[in-house]
């Protein structure tokens, strides 16, 4: 769905008092992605049950703050900002050291042939294993750019990191991941 059409629909649903319907659409469209993001960000610091709890808390915040959403901005950016900030609060409250990703993280299926799925699964596993050792910020940037295909400006808005820095980090991440896949591991 295009950005302008999405914004018009949001205005319409919001103006018509369709808060519950709007939230239902948000849940359907972003629920799995937000849960996946939370699992990626929290890694081994939170088990699956705790990640589920964080997800529920994030979605509750999204629902409670729907009136504060400004449709002039991307809905996904707003939702991921809430999710990221909530995860940061989780880390602060528990004084958690940002550790590697959970080995049991489930990756979304890609609806392809079994051979393609096997190759993609192996590739995801190898990339995931490499990303485990990165700093949390780099994992977030990698997730937003490579999994969510967000624009640099959107990533900058969610993370609070300047867009130029995001571009530089993405370039370096691509180079490091490619080197890892070719067996030429560089320092992380």
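Residue numbers (the working numbering): 6 to 193.
Note that the Cβ used here is the ideal one computed from N, Cα and C, for glycine as well.
Could you please give the first and the last residue of the uninterrupted alpha helix (DSSP H) stretch that includes residue i?
| i | result |
| --- | --- |
| residue 93 | 80–99 |
| residue 31 | 24–47 |
| residue 64 | 53–69 |
| residue 159 | 157–164 |
| residue 140 | First-last for residue 140: undefined, no H or E at that position. |
| residue 179 | 168–186 |
Rounding to the nearest angstrom, what Cα-Cα distance links residue i and residue j in this structure?
| i | j | result |
| --- | --- | --- |
| residue 39 | residue 63 | 9 Å |
| residue 37 | residue 60 | 9 Å |
| residue 83 | residue 89 | 10 Å |
| residue 129 | residue 155 | 19 Å |
| residue 97 | residue 43 | 15 Å |
| residue 26 | residue 188 | 49 Å |
| residue 107 | residue 158 | With a pLDDT of only 41 at residue 107, under the threshold of 50, the placement of this residue in the model should not be trusted; the figure read from the coordinates follows. Near 28 Å, if we compare the C-alpha coordinates of residue 158 and residue 107. |
| residue 150 | residue 54 | 27 Å |
| residue 71 | residue 24 | 8 Å |
| residue 177 | residue 140 | 13 Å |
| residue 35 | residue 81 | 8 Å |
| residue 126 | residue 135 | 14 Å |
| residue 30 | residue 92 | 23 Å |
| residue 153 | residue 41 | 11 Å |
| residue 173 | residue 133 | 21 Å |
Since residue i contacts residue j with CB under 8 Å, what's their CB separation in whole angstroms?
| i | j | result |
| --- | --- | --- |
| residue 2 | residue 186 | Past the edges of the chain, shown from 6 to 193, lies residue 2, and the structure says nothing about it. |
| residue 85 | residue 163 | 5 Å |
| residue 226 | residue 142 | Because the chain in this structure spans residues 6 to 193, residue 226 falls outside the shown range and cannot be described. |
| residue 171 | residue 161 | 5 Å |
Are residue i and residue j touching if we call contact CB-CB under 8 Å?
| i | j | result |
| --- | --- | --- |
| residue 144 | residue 57 | no |
Out of the options, state which residue places its alpha-carbon closest to the alpha-carbon of residue i.
| i | options | result |
| --- | --- | --- |
| residue 32 | 23, 55, 68 | 68 |
| residue 168 | 180, 146, 153, 179 | 146 |
| residue 87 | 138, 73, 173 | 73 |
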